[in-house]
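Enquirer:
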Amino acid sequence: DPFVPIGNFLTYPFVIAVAGDAPYDDMAGLAAYAQSNELALGHFGNVLTPTQVTMALAKTMGFEWGSDAAFDALDCNTLASGDADVINTTLQLILPCLDQVKVLVSITDERISLVPDAPTAGEVDPNLDIALWNGLFLTKETPQDVRDKIIKVAQKTVTSDRAQAIAKETGALVYWQGAEDSAARVAKDIETVARIGAMLN
4 DPFVPIGNFL
14 TYPFVIAVAG
24 DAPYDDMAGL
34 AAYAQSNELA
44 LGHFGNVLTP
54 TQVTMALAKT
64 MGFEWGSDAA
74 FDALDCNTLA
84 SGDADVINTT
94 LQLILPCLDQ
104 VKVLVSITDE
114 RISLVPDAPT
124 AGEVDPNLDI
134 ALWNGLFLTK
144 ETPQDVRDKI
154 IKVAQKTVTS
164 DRAQAIAKET
174 GALVYWQGAE
184 DSAARVAKDI
194 ETVARIGAML
204 N
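Residue numbers (the working numbering): 4 to 204.
Structure below.
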């Protein structure tokens, strides 16, 4: 691997959401309902980490999705139209109808402030403690003074009022996680992804 992390700065606010009139309020209720009812899951693609977590949750909770399909957009209309019973999407896409949906789980490192009652996937199952995040990586040969300059700018950017306002408005987690912690996170996530892969095979 020619790259090394110098810092992570963003966690996408992925959630598992259902319509507000769904006859269950949490993943345990969904699992029980799915024993005798087929539920259609909408997601952004099977290879994405949040989709894998959603599939693994079904396995660990003892139920199967009736069907699943990838969508170009997963928003309020997807649930309202009945195209999917359960969607794996980002909170930002369902903000316009947040009062008309139920967020069952967030697929993030920590709970999302806009939906504080929704547990993380890691709270539901510690084996699924993972999130979809963005980080900055440089080639190993990058001089330290260059790294320091990039880190300084990145830290200033993510802690700015503008960046934090975006976080507050969208549910995204915007922060700065240093190089050592980022490297540890990458190593942990590699193990978690492998564990989820084994669960699904």
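Cβ coordinates follow ideal geometry from the N, Cα and C atoms, glycine included.
1) In three-state terms, what does DSSP make of Ala72?
2) Inspect the CB distances between the stretch 82–101 and the stretch 5–17 and report whether three or more fall short of 8 Å.
3) Tell me whether Pro129 sits in a helix, a strand or coil according to DSSP, three-state version.
4) Got a sec, what are the start and stop residues for the beta strand (DSSP E) Asn137 sits in?
5) How about the stretch 75–90 and the stretch 18–38: do they share at least three Cβ pairs that are nearer than 8 Å?
6) In or out: Pro8 buried (at least 16 other Cβ within 10 Å) or exposed?
7) Among all the DSSP beta bridges, which residues are the ones paired with Ile19?
8) Would you report the Cα separation of Ser32 and Arg188, rounded to the nearest angstrom?
9) Which class does Thr145 belong to by DSSP, given the choice of helix, strand or coil?
10) So does the stretch 76–84 actually touch the stretch 40–48, counting three or more Cβ pairs closer than 8 Å?
11) Looking only at its chain, what residues have a beta carbon closer than 8 Å to the beta carbon of Glu67, apart from the 5 residues adjacent to it on each side?
12) Straight-line CA distance for Leu176 to Ala34?
13) For Gln55, name the three-state secondary structure that DSSP assigns.
14) To which residues of the same chain is Lys143 closer than 8 Å at the C-beta, ignoring the five residues directly before and after it?
15) DSSP state of Ala83, grouped into three classes?
16) Answer with buried or exposed for Gln147, where buried requires no fewer than 16 other C-beta atoms within 10 angstroms of its C-beta.
17) If you draw a straight line from the alpha carbon of Lys105 to that of Ile193, how long is it in whole angstroms?
18) Which partner residues of Asn11 appear in the DSSP bridge assignment?
19) Strictly by DSSP, which residues pair up with Gly2?
20) Measure the C-alpha to C-alpha separation of Asn40 and Gln55 and round it to an integer number of angstroms.
Expert: Walking through what the data contain:
1) strand
2) yes
3) helix
4) 136–142
5) yes
6) buried
7) Asn91, Val108
8) This sequence places Gly at residue 32; Ser is not what is there. Roughly 32 Å between the two C-alpha positions.
9) coil
10) yes
11) Ala37, Ala61
12) 28 Å
13) helix
14) Pro5, Phe6, Val7
15) helix
16) exposed
17) 30 Å
18) Gly138, Gln180
19) As shown, the chain starts at 4 and ends at 204. That puts residue 2 outside it, with no answer to give.
20) 22 Å
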